[in-house]
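Residue numbers (my numbering), protein chains in the order written: chain A, 1 to 297; chain B, 1 to 297.
Just below is one structure, and these are the notes that go with it.
There are 2 protein chains.
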Amino acid sequence: MAISPFDAALAEHASDIERMLDRLLPHPEGPEGRIAEAMRYAALEGGKRFRPFLVVQSARLFGVNAESALRAAVAAECVHVYSLIHDDLPCMDDDDLRHGRPTVHKAFDEATAMLAGDALLTLAFEIVADPDTHERARVRIELVRRLAAAAGAHGMVGGQMIDLASERKPLDIGGITRLQLLKTGALISFSCEAGAVLGRASAEAEQALHAYAHDLGLAYQIADDLLDAEGDSGLMGKRAGKDAAAGKATFVSILGTDRARAQARMLAEQAVQHLDLFDERADLLRQAAHFVITRRN
Amino acid sequence: MAISPFDAALAEHASDIERMLDRLLPHPEGPEGRIAEAMRYAALEGGKRFRPFLVVQSARLFGVNAESALRAAVAAECVHVYSLIHDDLPCMDDDDLRHGRPTVHKAFDEATAMLAGDALLTLAFEIVADPDTHERARVRIELVRRLAAAAGAHGMVGGQMIDLASERKPLDIGGITRLQLLKTGALISFSCEAGAVLGRASAEAEQALHAYAHDLGLAYQIADDLLDAEGDSGLMGKRAGKDAAAGKATFVSILGTDRARAQARMLAEQAVQHLDLFDERADLLRQAAHFVITRRN
Chain A
1 MAISPFDAAL AEHASDIERM LDRLLPHPEG PEGRIAEAMR YAALEGGKRF
51 RPFLVVQSAR LFGVNAESAL RAAVAAECVH VYSLIHDDLP CMDDDDLRHG
101 RPTVHKAFDE ATAMLAGDAL LTLAFEIVAD PDTHERARVR IELVRRLAAA
151 AGAHGMVGGQ MIDLASERKP LDIGGITRLQ LLKTGALISF SCEAGAVLGR
201 ASAEAEQALH AYAHDLGLAY QIADDLLDAE GDSGLMGKRA GKDAAAGKAT
251 FVSILGTDRA RAQARMLAEQ AVQHLDLFDE RADLLRQAAH FVITRRN
Chain B
1 MAISPFDAAL AEHASDIERM LDRLLPHPEG PEGRIAEAMR YAALEGGKRF
51 RPFLVVQSAR LFGVNAESAL RAAVAAECVH VYSLIHDDLP CMDDDDLRHG
101 RPTVHKAFDE ATAMLAGDAL LTLAFEIVAD PDTHERARVR IELVRRLAAA
151 AGAHGMVGGQ MIDLASERKP LDIGGITRLQ LLKTGALISF SCEAGAVLGR
201 ASAEAEQALH AYAHDLGLAY QIADDLLDAE GDSGLMGKRA GKDAAAGKAT
251 FVSILGTDRA RAQARMLAEQ AVQHLDLFDE RADLLRQAAH FVITRRN
């Protein structure tokens with residue numbers, strides 16, 4: 001399959017992100033070196049780096065300098081990677097494979113995996129708080145505030161809690177939408193808004209990015225459910241069909257494949273419309289909406 | 001046993017802290033309510049609230065207002081409670097009892113316990129970043145930076161990693177000192193310095209508090225090892241003798257009881273001396289140094 005211009009752009013962003021991750025992650029040293037090893041193992045290989053891509057592209061709209069954007073992008077990725085490590089643990093999803101490699105608790109052990117997740121979450125805040133991320137304290141503290149809100153009990157962790165509870169009591173379509181808005185949507189929203197915060201954008205521009213993120217995040221998740229239902233574990237680099245196996249309701253189990261696909265397409269188009277006030281600098285964000293519903297892994 | 005004036009002061013601080021915790025912790029609501037329940041279960045009962053006490057008393061030296069001090073104090077306590085929840089999990093210390101009650105994973109389940117810890121760590125940053133904690137963004141971001149450094153791979157989590165590794169390879173006295181400076185010392189130092197940051201203290205005053213915290217933290221830990229070696233599980237509200245059972249070297253196993261006790265006393269006296277530049281407003285901090293080496297649980 002030929003690589004699309006968008007895939008090429010995403011791959012280019014991914015290498016920038018990985019270079020910055022490599023710079024900002026701790027290096028294994030001393031008797032606690034194993035924690036840095038596990039953080040690097042989890043963070044440095046694989047992944048589309050989609051959230052950091054959103055940070056960098058939203059920052060680009062407002063002429064934010066590359067260093068600031070990449071640092072905020074890496075913070076978002078650290079939170080994402082932490083959530084995957086904890087999600088993969090035996091007490092949660094109990095997954096052995098992630099990005100085609102053994103999960104952190106398989107490659108190391110459970111305690112190290114949990115601590116590596118803890119340390120990555122903490123590192124995200126340390127990175128954002130550092131003066132190198134932005135010269136103005138007011139901007140940095142606003143990023144901290146939003147990142148904490150996106151990650152915490154009313155954001156990602158809350159979504160994971162609902163997800164766990166849904167194994168006992170299947171959700172309806174409203175429940176699934178809310179679950180996903182918290183579990184994956186909150187960090188995607190943070191990623192899209194981070195550029196606006198860094199660039200001190202107008203309330204209107206920020207609101208547009210917020211609306212874009214909302215629809216993009218839901219489209220992304222519906223596409224994820226479609227991949228999970230139809231997917232190929234080898235291609236995905238993780239276990240497919242696990243939601244069905246856990247008896248969880250998903251967008252696909254409730255809407256059916258065709259309606260789910262139509263819904264994702266509708267959301268992606270809506271996401272693009274929210275970007276109407278931006279010029280061609282938003283073109284990659286526009287393409288990203290198409291990407292999330294057509295990706296194969 | 002009669003209650004000392006210091007114990008009375010500590011108890012009074014503890015109720016202030018608990019009121020603020022109650023205000024700042026999320027309330028159980030919606031399908032994710034279980035996460036708030038677990039956070040409240042872990043954070044709202046028991047504990048000496050020693051770290052928040054240090055925040056409030058260090059803040060008092062510089063005339064910081066009560067609301068600011070209590071909010072930073074609660075943030076430190078959230079990080080402490082998160083570390084206990086994760087530490088108690090089966091993949092770490094596997095403890096069933098904490099403050100005389102079932103640990104979070106016993107009262108709820110492992111997944112909920114891990115998520116509650118994650119959410120408490122995140123909440124700490126959300127609290128500090130909130131404008132209610134201090135009017136100046138510069139002060140808040142400095143607290144975030146220090147809290148993240150104290151909690152992360154080069155602080156508390158690093159210490160926990162060394163602690164785990166020490167089961168396989170017993171540490172010498174230098175190794176144990178470094179382990180404890182990271183595992184418990186970093187957050188105690190944050191707590192003592194937070195007041196200086198909030199009160200925009202002189203570098204000299206801040207340095208004095210840093211030195212005080214260093215010695216206080218070590219004295220606290222040696223006393224902890226003594227209690228663990230000699231302690232009564234009922235009185236401590238947690239399992240005693242567990243370091244010895246795990247084959248871990250401690251200050252006591254290496255120095256012996258008498259030398260460990262003398263060392264703790266020496267460190268406590270040294271801690272008090274570092275406070276010489278402060279007036280009688282530092283008296284409770286002075287008494288705290290005595291408290292840490294004479295406490296019974």
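Here a beta-carbon is modelled for each residue, glycine too, at the ideal position from N, C-alpha and C.
Remember, it's a predicted structure, so these values are computed and weren't measured experimentally.
Are the beta-carbon atoms belonging to residue 186 of chain A and residue 127 of chain A less than 8 Å from one another?
Contact: no.
Name the DSSP bridge partner or partners of residue 97 of chain B?
According to DSSP, residue 97 of chain B bridges with B:102.
Quick test of the definition: if touching needs 3 or more C-beta pairs under 8 Å, does the stretch 240-253 of chain B touch the stretch 192-209 of chain B?
Too few Cβ pairs lie closer than 8 Å, so no.
Just to confirm, are residue 189 of chain A and residue 150 of chain A a CB contact at a threshold of 8 Å?
Yes, the pair counts as a contact, with Cβ atoms nearer than the cut-off.
Looking only at its own chain, which residues have a Cβ that is under 7 Å from the Cβ of residue 82 of chain A, when we skip the five neighbours before and after it?
Excluding residues within five positions, the ones whose Cβ falls inside 7 Å are 117, 120, 121.
Run through chain A and tell me which residues come within less than 7 Å of residue 151 of chain B, C-beta to C-beta.
Those are 122, listed as they occur along chain A.
Have a look at residue 49 of chain A and residue 16 of chain A and give me their C-alpha separation to the nearest angstrom.
C-alpha separation (whole angstroms): 10 Å.
Can you find the residues in the same chain that come closer than 6 Å, C-beta to C-beta, to residue 270 of chain B, ignoring five residues on each side of it along the sequence?
Result list for residue 270 of chain B: 215, in chain order.
Enumerate, from N- to C-terminal direction, the unbroken alpha helix (DSSP H) stretches of 4 or more residues contained entirely within the stretch 242-288 of chain A.
Counting whole runs of 4 or more residues, the stretch 242-288 of chain A contains the alpha helix (DSSP H) stretches 242-245, 251-255, 257-273.
If you draw a straight line from the alpha carbon of residue 261 of chain A to that of residue 148 of chain B, how long is it in whole angstroms?
Rounded to the nearest angstrom, the two C-alpha atoms are 42 Å apart.
Can you name, in chain order, every residue of its own chain whose Cβ lies under 7 Å from the Cβ of residue 278 of chain A, other than the five neighbours on each side?
So the qualifying residues of the chain are 61.
Would you say residue 167 of chain A lies against chain B (beta-carbon separation less than 8 Å)?
Judged by the 8 Å Cβ criterion, residue 167 of chain A is not in contact with chain B.
Which residue wins for smallest C-alpha separation from residue 183 of chain A, given the options A:203, A:169, A:153?
Ranking A:203, A:169, A:153 by Cα distance to residue 183 of chain A puts A:153 first.
Decide if residue 27 of chain B is buried, meaning its Cβ has at least 16 other Cβ atoms within 10 Å, or exposed.
The residue is exposed, with fewer than 16 neighbouring Cβ atoms inside 10 Å.
Please classify residue 57 of chain A: is it buried, with 16 or more other beta-carbons within 10 angstroms of its beta-carbon, or exposed?
Classification of residue 57 of chain A: buried, given that the 10 Å Cβ count is 16 or more.
Out of A:254, A:221, A:43, which one is the CA nearest neighbour of residue 293 of chain A?
Comparing Cα-Cα distances from residue 293 of chain A to each of A:254, A:221, A:43, the minimum goes to A:221.
Using C-beta distances below 8 Å, list every residue in its chain close to residue 36 of chain A, excluding the 5 sequence neighbours before and after it, in chain order.
25, 26, 27, 28, 29.
Among the residues of its own chain, which have a CB less than 6 Å from the CB of residue 14 of chain B, if the five just before and after it don't count?
Counting only Cβ-Cβ distances below 6 Å, and skipping sequence neighbours, we find 49.
With a CB to CB cut of under 7 Å and the five nearest residues on each side skipped, what residues in its chain are close to residue 265 of chain A?
Result list for residue 265 of chain A: 293, in chain order.
Determine, using beta carbons only, whether residue 214 of chain A comes closer than 8 Å to chain B.
Closer than 8 Å: no.
With the cut-off set at 8 Å, would you say residue 115 of chain B and residue 160 of chain A are in Cβ contact?
Yes, the pair counts as a contact, with Cβ atoms nearer than the cut-off.
Would a C-beta distance cut-off of 8 Å place residue 96 of chain B and residue 87 of chain B closer than the cut-off?
No, the pair does not count as a contact, with Cβ atoms beyond the cut-off.
What is the residue span of the alpha helix (DSSP H) that residue 79 of chain B lies within?
From DSSP, the alpha helix (DSSP H) with residue 79 of chain B extends over 66-88.
Please name the residue in A:111, A:79, A:65 whose C-alpha comes closest to that of residue 38 of chain A.
Nearest option by C-alpha distance: A:111.
Comparing the CB of residue 47 of chain B with every heavy atom of the ligand FMN, is any distance shorter than 7 Å?
This structure simply doesn't include the ligand FMN, nor any ligand for that matter.
Output the distance between the C-alpha atoms of residue 32 of chain B and residue 179 of chain B, rounded to the nearest integer angstrom.
Whole-angstrom Cα-Cα distance: 36 Å.
Taking only three categories from DSSP, how would you classify residue 132 of chain B?
Correct three-state label for residue 132 of chain B: helix.
Residues of chain A with a CB under 9 Å from the CB of residue 157 of chain B: which are they?
Per Cβ cutoff of 9 Å: 32, 35, 115, 116, 118, 119, 122.
Counting only the same chain and skipping the five closest in sequence on each side, list residues whose C-beta sits under 6 Å from that of residue 267 of chain A.
Closer than 6 Å at Cβ, skipping near neighbours: 215, 218, 219.
Over what stretch of residues does the alpha helix (DSSP H) that includes residue 168 of chain B continue unbroken?
Note, residue 168 of chain B: premise wrong, no alpha helix (DSSP H); not H, not E.
If you drop the 5 nearest sequence neighbours on each side, which residues of the same chain put their C-beta closer than 7 Å to that of residue 134 of chain B?
Correct list, in chain order: 68, 140, 198.
Could you give the residue range of the alpha helix (DSSP H) that holds residue 39 of chain A?
Segment 33-44, the alpha helix (DSSP H) holding residue 39 of chain A.
Is residue 4 of chain A helix, strand or coil when you go by DSSP?
Here residue 4 of chain A sits in coil by DSSP.
By Cβ distance, which residues of its chain are closer than 7 Å to residue 89 of chain B, with the 5 residues on each side in sequence left out?
Answer for residue 89 of chain B: 105, 110, 113, 114, listed in chain order.
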